[in-house]
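Residue numbers (our numbering), protein chains in the order written: chain R, 109 to 279; chain G, 163 to 281; chain U, 391 to 1016. For reference, the structure is listed below as structure tokens.
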């Protein structure tokens, strides 16, 4: 009996220290990019020019949709913009841009200066829509397929690696 | 033994008293949600962009008639379990919730074993 | 220059530790008293590590940016006070402070325990010096405050402005004396196990050290809470944050320890339990350090983290844990107790029982997220709702025991008169009902907590009356226990009667709620020496009494390093605090203001101070009796 207790105690401490050791090398920064393989949420979001609403039906039509949250005041958005421009030339992909907590004139200047990669353009004035998609900081992009499944989440500016990744998925 | 009984009673009552409070207090919910872009702050303590937005959404959800737990459910569905300060009771977290009480009961028995068997 | 001097002194200390170990080891084998040389070496050791620390302070004062630590944590324009406080406000400097505490405690323990067996004293010294060596190596090879940087920068990076605060300047030293001081009874426990020194008198060698570390730990936690209250600007004082928990864990163990030491001293019971608690306390201190400094936990209070640090502390921790376990397994003998159900011994065991429960709960809550992350890749947060839900219901029972326990007699107790307890309980319930009737009703659990806190207070006060008659007053215990009752009572009332409102407000706008109105009257931009501030002028008006208060919260823009901080405006009175923070909202001309009315805040601090006063009284009376 005593032996069992002793071994158990030793084992518990070994286990705890082992876990501590493993955790040392792990990234402690939280990131939502692992929250994939879920169905995209229902949404109804007004278009940038107030002419109509976009819903999930607009996503079902396309093979792949990339929802990109951006704003003119967001510096990293400028960095990822060239990649979005390149992505806009690919066939299988529709890019839905959601202008986040922005002022219209500034947003327009942003697009006219850097180009408009968006096939569909919507706006989220108070940010409420972003919560539906689990966005907590911009830029963030979400890749969704025809079956409305979230395939991948890109938190932070898109990189060239991400670009290659997206191309691989949609082809 | 009596003690454990009282303990159960208290747990029961503490649950009971939560059930009595019907109105959902947004401040309480803000306190129990983590601000993902801050350093360990709650939504209530932060005024970051993210916290502002979450406060708006929480208000909407309350207006829709969602209960406190449903709002936490909604948030952890969108942002992962990391966002709620009160871990859900599920298989993964069961040890977290149960172990303290097991330790308490075990300790009680331990002390009991030290006591005189007959008075 | 200072860098070289510091390094030389560090090396000197390594040599001193080694020679102490060597001399003590040799002295063990010969008869007679403890060799005079050992005292001298130990004194030189303490002196030289203190000088070493002063060298670092000097580097901070003259802003010697050739030292990385100074460069990263100081700035030539910083006020002198914060230059000095910056010495221990960072990882490297604080470790040096650790080494000082380890050395001084080692020396004083040797000096003040002349009545104890020589073997025990020498072994304690050896173990303590092994710990000192461990830290010295850590300092030298991983976290050297005297590391140089080249080329030498012309200016430092500055200290995070929220750390530039008098409370935070004294908070770390207090806390370190607390949990690093625990090292001495860790060493003593190991020495006691090895030398089979398990007589009652062993308790005399450590009990004052436990009390000293406990008093400092309590004060450290208090000052940290006060700082969090007025500096973080959230209006709370305890967030169950991992760093805070790390300071609380050794506290539970210390509290349990000095209670069971009373039994050990009086009745020669629980020897192994006392030893285990001694070992646990310092182990928890080091565990806390590991969690905080390795960066594996996400916390409000960040230290710049670095995984190699983590590895080093983890190795150190593992050696401590497995060394102690191995020794314990070897020496452990089953002890059989036959305690009376109703006796002081049993009640003190009950205290330990609850302390262990709190300890396990807080430890589990702190490290559980690490486990879920490592094992299932799922990050979870364990925050205040968890601790409140688990701990508070149990506190109710705990307080009742705390009231009954001290009245019990040793060996066999008879509760003289059950009627008196019913009377006390009735009084407590009556007061509780009065609060509800005149002020506000609250949840059932809060009711229980208030009643049990009142029960403890009333019964402690009655103890005073009784003891005064017999002229046998145990001030220390009564003050500490009563104050603890008050602490829980005030925290409970504070929680129940707090008022919190959150608005987005424009200049000139007025918001009304309950019977208050709040107006943002003015915003003023001011330039200070090392920051700019936007100072708001807000008027809080109590509509019923027509009483107004002006509060001036600030938004500060610091230059070095570039940071934005929010200074709360706090109006403290004995009954309540008004607490107001203001922050700007990005890309809008609205300001977010958070107004809080926090009743009885001052009394929460006072209660904790009184708890420490109780502890110090015990300490002084012990010193007098010896």
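Note that beta-carbon positions come from the ideal geometry of N, C-alpha and C, so glycine has one too.
query	result
Where does the unbroken alpha helix (DSSP H) through residue 602(U) begin, and where does it stop?	591–621
I need the straight-line Cα distance from residue 895(U) to residue 978(U), nearest angstrom please.	11 Å
Does the beta-carbon of residue 110(R) have 16 or more other beta-carbons within 10 angstroms, so that it is buried, or is it exposed?	exposed
What in chain U is Cβ-close to residue 181(R), meaning under 9 Å?	976, 977
Helix, strand or coil for residue 649(U)? Go by DSSP, reduced to three states.	helix
What whole-angstrom Cβ distance do residue 880(U) and residue 990(U) have, given they're in contact under 8 Å?	5 Å
Give, in chain order, every unbroken run of the alpha helix (DSSP H) that is at least 4 residues long and sits entirely within the region 214–241 of chain G.	230–241
Which bits of chain G does residue 391(U) rub up against, with CB to CB less than 8 Å?	The premise fails here: residue 391(U) is roughly 38 Å from chain G at the closest Cβ pair, so nothing lies under 8 Å.
Whose CA, out of 902(U), 683(U), 592(U), lies closest to the CA of residue 655(U)?	592(U)
Checking contacts by CB at 8 Å: is residue 780(U) closer than that to chain G?	yes
With a Cβ-Cβ cutoff of 8 Å, do residue 247(G) and residue 771(U) count as a contact?	yes
Quick check: what's the CA-CA separation for residue 716(U) versus residue 505(U)?	29 Å
Within 8 Å of any Cβ in chain G, is that where the Cβ of residue 256(R) sits?	no
Mapping DSSP to helix, strand and coil, what is residue 242(R)?	coil
Closest to residue 597(U) by CA distance: which of 644(U), 630(U), 617(U) is it?	644(U)
Can you tell me where the beta strand (DSSP E) holding residue 493(U) begins and where it ends?	Careful: residue 493(U) lies outside any beta strand (DSSP E), inside the alpha helix (DSSP H) at 481–502.
In or out: residue 267(R) buried (at least 16 other Cβ within 10 Å) or exposed?	exposed
Over the uninterrupted beta strand (DSSP E) stretch that includes residue 138(R), give me the two end residues.	Unbroken run through residue 138(R): none, as it is neither H nor E.
Using the beta-carbon of each residue, which ones in chain G are nearer than 7 Å to residue 239(R)?	215, 216, 219, 240
Based on the DSSP output, what are the partners of residue 956(U) in its beta bridges?	945(U)
Just curious, the alpha helix (DSSP H) that residue 661(U) is in, first and last residue?	661–683
Examine chain R for any beta-carbon lying closer than 8 Å to the beta-carbon of residue 272(G), and answer yes or no.	no
Distance check for residue 559(U) and residue 192(R), CA to CA, integer angstroms please.	50 Å
Please list the partners that residue 212(G) has in chain R, where partner means a Cβ-to-Cβ separation under 7 Å.	244, 245
Taking residue 246(G) as the query, report the chain U residues whose CB atoms sit under 7 Å from its CB, ordered along the chain.	771
Compare the C-alpha of residue 937(U) against each of 670(U), 718(U), 905(U) and name the closest.	905(U)
Buried or exposed for residue 214(G), going by 16 or more other Cβ atoms inside 10 Å?	buried
So is residue 704(U) in contact with chain R if we call contact Cβ pairs under 8 Å?	yes
Give the straight-line distance between the Cα atoms of residue 247(R) and residue 517(U), rounded to the nearest whole angstrom.	55 Å
Check this for me: beta carbons of residue 579(U) and residue 442(U), under 8 Å apart or not?	no
Would you please verify whether the beta carbon of residue 763(U) is less than 8 Å from any beta carbon of chain R?	yes
Compute the Euclidean distance between the alpha carbons of residue 568(U) and residue 533(U), then round it to the nearest angstrom.	22 Å
Could you check what DSSP says for residue 201(R) in three-state terms: helix, strand or coil?	strand
Quick one: is residue 767(U) buried, meaning 16 or more other Cβ sit within 10 Å of its Cβ, or exposed?	exposed
Helix, strand or coil for residue 274(R), going by three-state DSSP, please let me know.	helix
Could you give the distance in angstroms between the alpha-carbon of residue 738(U) and the alpha-carbon of residue 189(G)?	40 Å
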